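Asker: Residue numbers (mature numbering (1 follows the signal peptide of the UniProt record, and there is no 0)): -40 to -1, 1 to 513.
Supplied in structure tokens, the structure appears directly below.
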């Protein structure tokens, strides 16, 4: 996915774990490839922050809590849920076949059992007696219809890439659905824990028609149902008392859309908002010193990058991309743009994404990548070689948060220092998220800051973005050899072999610099003294985190 610090992100997604025949879900922690977050306090060498595995569990229920969100979702239709605003809300309302846990491992969701009888077949046995928010009962027909919407090319679903190997989705029993693949896909089942695997009521979606996701009910099965949506201001979730699982601790959760970073932080300090994710990095110390609550950091599986979106101009020359990378002051950005809560990297993938790989493979994956120490002399020489002096590069920026604006400014400073004419184009927070889904929104833009978060715990989630035609391959990069490696990794059941292939992909992506890697960045969450229970990890994008929020004492 992708993202931008406190602001917009997006991501795309690739695949998951072995397609070896696996029995039900107990063995579905097929998550040997899905390592959990680092131990508390393990934030990497030289870091000025500590990672927490979780926040303290709630001691009881509460009537309501209020959450600060940096932008209003344009829609809550799950096939378009490809960014922070949508998924932060939707994860509590709509559920998927599988579930990503706060520990970043795979668990049963609406499917109480998932089996893989052969390399190209997944069978999902559904939980009985699960109710949609309108009171109707979940059936296999709803699953077939919901996944079919992702497959329908007319819908232009943001998750279509995750279904590229799906041949058919069929009802094979009242509570059983069988997915047939055209080739083994080591990632498919894990993506069934994301918005790609969401199940909604067929009748509800058809009744809403083109208005589905923007008005009325979402007709899902989660612990909360959609309440009042005051467009431009707030959205309310109400506890669903007929929920099949553990009931939400809060009777109501209200999301307030506060696009101004200062206003968002002020709301958390004054109690107008009880908490929030995606904390503006410039406010870390202010929140820590406020005494209003506690700021936590958790594993984010996130890297801050500069996404190249136009290869028709000067950035089509890899020497120019390398020159910009060599001129970037990454350390300065981590200190100022990320409030010191991050680590400089020359890798597009996080180290945590490789946790399950053999040690030698991990070492190989991170050797010889993009240099992180500035080398202005070499950068200037590359610009001269490319004949790019004085050429214009337009970088999108936004007042979403300091991480976005300062990274854009850092790119401008780097480019200016080596002879490029770097122009900044400011985009409103609500519009910035459109950069991830709209080619029209990206017109006239050569680069933009993006914090990419993995939707599964596998490096291929990010690396598959550079395959020909991939959803987030905005630059239009196409390399048959790269495509072949992506296919090979996708169809390889053995994790060790797959990681070795992914290490090759990482090196190619590093050499091409289609995105310029800058830093690893943890998830941040602030909770005031009244509430607790929200997970610290990036799991909140697909896990019903708000159901765990309750009284702190």
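Just so it is clear, CB atoms sit at the ideal spot from N, CA and C, and this is done for glycine as well.
Here the structure is a predicted model, which means the values were calculated and not measured.
Determine contact between the segment 308 to 320 and the segment 236 to 255, defined as no fewer than three beta-carbon pairs at a distance below 8 Å.
Answerer: No, the segment 308 to 320 is not in contact with the segment 236 to 255.
Asker: Would you call the segment 182 to 197 and the segment 8 to 16 touching, i.e. three or more CB-CB distances under 8 Å?
Answerer: No contact exists between the segment 182 to 197 and the segment 8 to 16.
Asker: My parser needs the beta strand (DSSP E) runs of 3 or more residues fully inside the segment 182 to 230; what are they?
Answerer: Segments of the beta strand (DSSP E) lying fully in the segment 182 to 230: 184 to 190, 194 to 199 and 210 to 217.
Asker: Kindly give me the distance between the Cβ atoms of residue 83 and residue 136, rounded to whole angstroms, as I take these residues to be in contact under 8 Å.
Answerer: Residue 83 sits at position 123 when you count from the first residue of the chain shown. Residue 136 sits at position 176 when you count from the first residue of the chain shown. That pair is a contact at about 7 Å.
Asker: Kindly list the residues whose CB is nearer than 6 Å to the CB of residue 299, restricted to its own chain and excluding five residues on each side of it in sequence; keep chain order.
Answerer: In the chain shown, counting from the first residue as 1, residue 299 sits at position 339. Excluding positions up to five away in sequence, the list reads 241 and 244.
Asker: Give the DSSP bridge partners of residue 91, in chain order.
Answerer: Taking the first residue of the chain shown as position 1, residue 91 is located at position 131. Answer is 97, bridged to residue 91.
Asker: Roughly how many angstroms lie between the CA atoms of residue 513 and residue 94, to the nearest whole one?
Answerer: In the chain shown, residue 513 corresponds to position 553, counting from 1. In the chain shown, residue 94 corresponds to position 134, counting from 1. Between residue 513 and residue 94, the C-alpha separation is close to 34 Å.
Asker: If contacts are defined as beta-carbon pairs under 8 Å, then residue 17 and residue 509 qualify, I think. What distance do you get, rounded to the angstrom?
Answerer: By 1-based counting over the chain shown, the position of residue 17 is 57. By 1-based counting over the chain shown, the position of residue 509 is 549. Contact doesn't hold; Cβ gap of about 10 Å is too wide.
Asker: Just verifying my parser: in three-state terms, what is the DSSP assignment at residue 102?
Answerer: As a working note, residue 102 is residue 142 in the chain shown. Note: residue 102 maps to helix in three-state DSSP.
Asker: Nearest to residue 428 by alpha carbon, out of 284, 401 and 444?
Answerer: Against the chain shown, residue 428 aligns to sequence position 468. Taking only the C-alpha atoms, the option nearest residue 428 is 444.
Asker: Compute the distance between the beta-carbons of residue 539 and residue 81, then report whether it is under 8 Å.
Answerer: It is not possible to answer for residue 539, since the shown part of the chain is limited to -40 through 513.
Asker: Would you please state the rounded distance, in angstroms, between the beta carbons of residue 131 and residue 160? I believe it to be under 8 Å.
Answerer: Position 171 of the chain shown, counting from 1, holds the residue named residue 131. Position 200 of the chain shown, counting from 1, holds the residue named residue 160. Not confirmed; about 16 Å, so no contact.
Asker: Expressed to the nearest angstrom, what Euclidean distance is found between the alpha-carbon atoms of residue 204 and residue 186?
Answerer: Within the chain shown, numbered from 1, the residue matching residue 204 stands at position 244. Within the chain shown, numbered from 1, the residue matching residue 186 stands at position 226. The alpha-carbon atoms of residue 204 and residue 186 are separated by roughly 17 Å.
Asker: Is residue 143 buried or exposed, if buried means 16 or more other CB atoms sit within 10 Å of its CB?
Answerer: In the chain shown, counting from the first residue as 1, residue 143 sits at position 183. Exposed.
Asker: Let me make sure I understand the geometry here. Which of 313, 364 and 379 has the alpha-carbon closest to that of residue 418?
Answerer: Residue 418 sits at position 458 when you count from the first residue of the chain shown. The residue with the shortest Cα to Cα distance from residue 418 is 313.
Asker: Relative to the C-alpha of residue 333, which candidate in 261, 202, 224 and 478 has its C-alpha closest?
Answerer: For the purposes of this step, residue 333 is taken as the residue at position 373 of the chain shown. Measuring from the Cα of residue 333, the nearest candidate turns out to be 478.
Asker: Express the C-alpha separation of residue 158 and residue 151 in angstroms, rounding to a whole number.
Answerer: Numbered from its first residue, the chain shown carries residue 151 at position 191. Numbered from its first residue, the chain shown carries residue 158 at position 198. Rounded to the nearest angstrom, the two C-alpha atoms are 10 Å apart.
Asker: Measuring straight from C-alpha to C-alpha, what distance separates residue 46 and residue 341?
Answerer: On the chain shown, position 86 is the one that residue 46 refers to. On the chain shown, position 381 is the one that residue 341 refers to. Approximately 44 Å, taken between the alpha carbons.
Asker: Check whether the Cβ atoms of residue 519 and residue 257 sit closer than 8 Å, and answer yes or no.
Answerer: What is shown of the chain runs -40 to 513, which leaves residue 519 out entirely.
Asker: If you reduce the DSSP assignment to three classes, tell me which class residue 131 lands in.
Answerer: On the chain shown, residue 131 is found 171 positions in, with the first residue counted as 1. Residue 131 falls in the strand class under three-state DSSP.
Asker: Should residue 259 be labelled buried (16 or more other beta-carbon atoms within 10 Å of its own) or exposed?
Answerer: Here the question's residue 259 lines up with position 299 in the chain shown. Residue 259 comes out buried.
Asker: Just to check my reading of the structure: residue 489 and residue 235 have Cβ atoms closer than 8 Å, yes? What is that Cβ distance to the nearest angstrom?
Answerer: Residue 489 sits at position 529 when you count from the first residue of the chain shown. Residue 235 sits at position 275 when you count from the first residue of the chain shown. Between residue 235 and residue 489 the Cβ distance is about 11 Å, and since that is not below 8 Å, they are no contact.
Asker: Using the DSSP secondary-structure output, state which residues sit across from residue 256 in a beta bridge.
Answerer: Sequence index remark: in the chain shown, residue 256 carries index 296 (1-based). Paired residues: 485.
Asker: Quick one: measure Cβ to Cβ for residue 564 and residue 412, integer angstroms, because I've assumed they're closer than 8 Å.
Answerer: Past the boundaries of the shown model lies residue 564; the chain is included only from -40 to 513, so the question cannot be answered.
Asker: Exposed or buried, what is residue 515 when buried is set at 16 or more other beta-carbons lying within 10 Å of its beta-carbon?
Answerer: Residue 515 is absent from the structure shown; the chain starts at -40 and stops at 513.
Asker: Counting along the chain, where does the alpha helix (DSSP H) carrying residue 243 start and finish?
Answerer: Here residue 243 is taken as the residue at index 283 of the chain shown, counted from 1. Unbroken run through residue 243: none, as it is neither H nor E.
Asker: Taking 8 Å as the threshold, find out whether the segment 383 to 394 comes into contact with the segment 429 to 437 through three or more Cβ pairs.
Answerer: Not touching, per the Cβ criterion.
Asker: Specify, as a first and last residue, the run of the alpha helix (DSSP H) that residue 176 falls within.
Answerer: Translated into positions along the chain shown, residue 176 becomes position 216. Per DSSP, residue 176 belongs to no alpha helix (DSSP H) and is neither H nor E.
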